[in-house]
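The letter at position 17 of the sequence shown is residue 17 when you use full-length UniProt numbering, and the numbering goes up by one with no holes.
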Amino acid sequence: MSLLIKYQDSDCLSRTDSHTFYLNTGVSKPVVKDNGIRPSSYEKMAKLKPAFIKPHGTITAANSSFLTDGASACLIMSEEKALAMGLKPKAYLRDFVYVSQDPKDQLLLGPTYATPKVLERAGLTMNDIDVFEYHEAFAGQILANLKAMDSDYFAKTQMGRKAKVGIPQMEKFNNWGGSLSIGHPFGATGVRLVTTAAHRLQQEDGQFALVAACAAGGIVSYCHIL
Numbered sequence: 001m002s003l004l005i006k007y008q009d010s011d012c013l014s015r016t017d018s019h020t021f022y023l024n025t026g027v028s029k030p031v032v033k034d035n036g037i038r039p040s041s042y043e044k045m046a047k048l049k050p051a052f053i054k055p056h057g058t059i060t061a062a063n064s065s066f067l068t069d070g071a072s073a074c075l076i077m078s079e080e081k082a083l084a085m086g087l088k089p090k091a092y093l094r095d096f097v098y099v100s101q102d103p104k105d106q107l108l109l110g111p112t113y114a115t116p117k118v119l120e121r122a123g124l125t126m127n128d129i130d131v132f133e134y135h136e137a138f139a140g141q142i143l144a145n146l147k148a149m150d151s152d153y154f155a156k157t158q159m160g161r162k163a164k165v166g167i168p169q170m171e172k173f174n175n176w177g178g179s180l181s182i183g184h185p186f187g188a189t190g191v192r193l194v195t196t197a198a199h200r201l202q203q204e205d206g207q208f209a210l211v212a213a214c215a216a217g218g219i220v221s222y223c224h225i226l
C-alpha cells in the first residue's frame, strides 16, 4: 500500500494517460485518484480473521487483493499499421507463453512455470529484465511463487528443469504498487499490468519488462514486453 501512496504522491498517475471521471450522473465531485488505499497498521491487520481456512488460515482481507471497479482496453497491432495510422507505439510485445497447472496442488503457481519458458524463448535471463509486473492475487501467492522460483529442488522435482530460474530483483518488482494495493477488477487486471509495465519502462528508462498474471483454474497468461 505504501508503494501506491508514493506512486500517487509523486504524480506518476497524471503521466499515465488517466482521465478524471464521475461516480454517477449528477455527482459533482470527480474521482482523480484511486480510492482503494486503506491506511492501516501491522497491529490492526494482525487482528483480522482468516477468510478461508478457519480459524488457523493465514489469508485475510489485509493480505488479499481487494475487489474493485475497473475497466481496461489495449490496442495491439503491427508496427507498420501503427505508423501508417500516425500512432506511436508505447511498447512492443516481444514474446508470450501460456501455461496451466493442476489446480489442486499448483494453483496460482503459474508465474513460476511460465517465467523460465518465456525467458528462454526471448533469449534473455532474469538479469536482463528492467521492469517486473506480477499480479498479486494474495500476498501468500506471491511469496509462494518467489520461493518456488528460487528453489533448485522445486525446479528439478516439480518442473523437470536442471536449475532454478531465480527471483526478480526486488528493487524492480511492482514498484508502483501491485494488485494488493491497487485492487483486482476481474477481466481488467491483465491490461493494467501491461500498461503499468509500459509506462514504467518509459519513466525508468528500461528496455525489457516481464509481466505475469495467474488466473482461475491454474491458468496463467504471461507476456514479455520490449
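Cβ atoms here follow ideal geometry from the backbone N, Cα and C, with glycine treated the same way.
Which residue comes first and which comes last in the beta strand (DSSP E) that contains residue 34?
Premise fails: residue 34 is in no beta strand (DSSP E) and is neither H nor E.
So which of 50, 54, 29 and 63 has the shortest CA-CA distance to residue 40?
63
Give every residue of the same chain whose Cβ lies closer than 8 Å to the Cβ of residue 50, excluding the five residues on either side of it in the sequence, and list them in chain order.
56, 57, 58, 59 and 60
Inter-residue spacing [alpha-carbon to alpha-carbon] between residue 165 and residue 26:
53 Å
On the DSSP bridge assignment, give the partners of residue 212 in chain order.
134 and 222
Rounded straight-line distance, which links the Cα of residue 82 to that of residue 158
42 Å
Cα-Cα, which of 136, 183 and 197 is closest to residue 66?
183
Can at least three beta-carbon pairs, one atom from the region 146–163 and one from the region 100–114, be found at a separation below 8 Å?
yes
Cβ neighbours of residue 91 in the same chain (closer than 6 Å, five flanking residues each side left out)
198 and 225
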